[in-house]
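Enquirer:
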Amino acid sequence: MRIAVLAETDKSEPRVAATPETIKKFIGLGADVVVEARAGAAAGFSDSDYAAAGATIADNAAAALTGADVALRVRRPSAAELAGAKSNLAVIAIMDPFGAGAQLADLAKSGAIAFAMELMPRITRAQTMDVLSSQANLAGYRAVIDAMAEYGRSFPMMMTAAGTVPAAKVFIMGVGVAGLQAIATARRMGAIVTATDVRPATKEQVESLGAKFIAVENEEFKQAETSGGYAKEMSPEYQKAQAELVAAHIAKQDIVITTALIPGRPAPKLISAEMVRSMRPGSVIVDLAAERGGNCELTKPGETVVVDGVKILGALNLAGRMASTASSLYAKNLLAFVETLVSKDTKQLAINWDDELVKATALTRDGAVVDERFK
C-alpha cells in the first residue's frame with residue numbers, strides 16, 4: 041500500500057495532512073509513504089524530518105501520486121490536481137462538500153473515492169477521528185488570544201497602588217467545542233465570562249467552567265438539539281426573544297466571540313449592526329463563523345473592520361494560525377481513520393463499505409457521487 045501526502049495549493053492553508061510522527065505509524069501499518077516536497081514547510085516540518093521518519097520525498101504532486109492507493113490532504117483537491125493518479129484512489133481530506141456539487145462530480149469522474157473527514161459520525165468509536173473537534177478546539181483558544189491582542193485593556197482584574205483595573209467581560213455565543221475552549225481560556229486569563237447556546241445540555245457545561253449561562257429557557261429551548269449533538273434551527277419567535285436578551289447583554293460586554301454554525305447552511309446572524317453600535321469603543325468581536333457569512337451582520341470574511349470604535353475580526357482558519365499543533369492533531373485524526381481502512385492481514389487498503397464510518401464519510405465511488413445530500 042502506498043500513501044501520498046500532498047501539499048496544499050491554497051496559499052492561505054499552512055496545515056499539512058501528516059507529520060513525521062504519523063509517517064512512522066503509517067510505515068508501521070505496512071505502508072510506503074511519499075510526501076510531496078515542502079508539504080509541511082509552513083507547519084514547521086521539513087522534508088528532512090519526513091525523510092528521517094522513513095518517507096520518500098517527491099518533487100511534485102504527480103510524482104507523489106504515482107501508484108498511490110491513498111492520498112491525504114487538508115483541503116479538498118480538485119480533479120485536475122489528481123491527474124495521473126490511478127482509479128479508485130482513496131482521497132481523504134476536509135472536503136467542504138456543501139455547495140460544491142460540481143467539484144464533487146468532477147472528483148467522482150476522476151475515479152477517486154473521496155472521504156470527507158468533517159462528516160465523521162460523532163460516536164465513541166470515532167472520537168479520535170473527529171477533525172471538527174480537534175480543529176475547533178484550537179480555534180476557540182486562538183480566538184481568545186486574538187481578542188486579547190486587539191483589546192487595549194487588561195483581561196484580569198488588577199489591584200494596584202494607583203487603583204483597581206476591572207476585569208474584562210467576555211461573552212461566548214455558541215457553546216460547541218470552540219466555545220467551550222474559548223470559555224476555559226478566557227477564564228484562565230481572568231475575564232468575567234458569560235455564554236449562550238440554544239442547546240440545553242450546554243448550560244451545565246458552561247457553569248462547570250465557571251461561566252454564567254445566558255438564554256431564553258422556554259419549552260422550545262428544551263428541545264433544541266439534534267440526535268447528532270448539533271443545534272437545531274430555532275423558530276422566528278424564539279430567535280426574536282433570544283435576540284432581545286442578547287442585545288441587552290452585549291451592550292455591557294468588552295469581548296464577544298461567536299461560534300454558531302449549522303452544517304450545510306449559512307451562519308445564523310446573531311449580532312446586528314445595532315448591537316455592534318451599542319458596545320463601547322475599544323470592544324472586540326471575533327467571528328468564528330466568518331467563512332459561512334458570519335454571525336455578525338457587519339463581519340467581512342478575512343478582514344478586521346472597525347465600526348464606531350468596535351473591532352470586528354472576520355477570522356478565517358484560526359486553527360491554521362497554529363499550524364504545527366493543528367497539523368499534529370489533524371494528522372492523528374487521519375491516521376486513526378486510515379487504520380480502519382487497512383487489512384491487518386494483508387496490509388493493503390481494504391475498504392469495508394458496510395462500516396458506519398465509511399458510509400458516513402464516503403462522497404464518491406465508482407465514478408459517481410454516492411452521498412444523496414450532494415448529488
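Be aware that the sequence shown starts at 41, since it is given in my numbering, and climbs by one per residue.
Glycine included, C-beta positions come from ideal geometry on N, C-alpha and C.
Bear in mind that the values here come from a model prediction, so they are computed numbers and not experimental data.
Helix, strand or coil, according to DSSP, for residue 42 in the structure here?
Expert: strand
Enquirer: Is it buried or exposed, residue 141, if we count other Cβ atoms within 10 angstroms and call 16 or more buried?
Expert: exposed
Enquirer: Can you check which of these residues, 252, 225, 61, is closest to residue 181 by C-alpha distance?
Expert: 225
Enquirer: What does the Cβ neighbour count give for residue 76, buried or exposed, with the cut at 16 atoms within 10 Å?
Expert: buried
Enquirer: Indicate whether residue 93 and residue 104 have their beta-carbon atoms separated by less than 9 Å.
Expert: no
Enquirer: What is the DSSP secondary structure of residue 309, counted as helix, strand or coil?
Expert: coil
Enquirer: Could you compute how far the alpha carbon of residue 363 sits from the alpha carbon of residue 255?
Expert: 35 Å
Enquirer: Residue 151 and residue 127 look like a contact to me (Cβ under 8 Å); what is the Cβ gap, rounded to whole Å?
Expert: 4 Å
Enquirer: In three-state terms, what does DSSP make of residue 211?
Expert: strand
Enquirer: Quick check on the DSSP output: the alpha helix (DSSP H) that includes residue 421 runs from which residue to which?
Expert: Missing from the structure shown is residue 421; the chain here goes from 41 to 415 and no further.
Enquirer: To which residues does DSSP link residue 404 through a beta bridge?
Expert: 409
Enquirer: Give the range of the beta strand (DSSP E) segment to which residue 327 is assigned.
Expert: 324-327
Enquirer: Tell me, please, which residues DSSP counts as bridged to residue 219.
Expert: Beta-bridge pairing links residue 219 to no other residue.
Enquirer: Apply the 10 Å Cβ neighbour rule to residue 109 and answer buried if 16 or more other Cβ atoms are within range, or exposed otherwise.
Expert: buried
Enquirer: Just the Cα atoms here: how many angstroms apart are residue 244 and residue 294?
Expert: 24 Å
Enquirer: When DSSP builds the beta bridges, which residues end up paired with residue 205?
Expert: 198
Enquirer: What are the complete alpha helix (DSSP H) segments, minimum 4 residues, inside the stretch 124-209?
Expert: 141-149, 171-190
Enquirer: When you compare only the Cα positions, how much space is there between residue 411 and residue 187?
Expert: Each residue's alpha carbon lies about 39 Å from the other.
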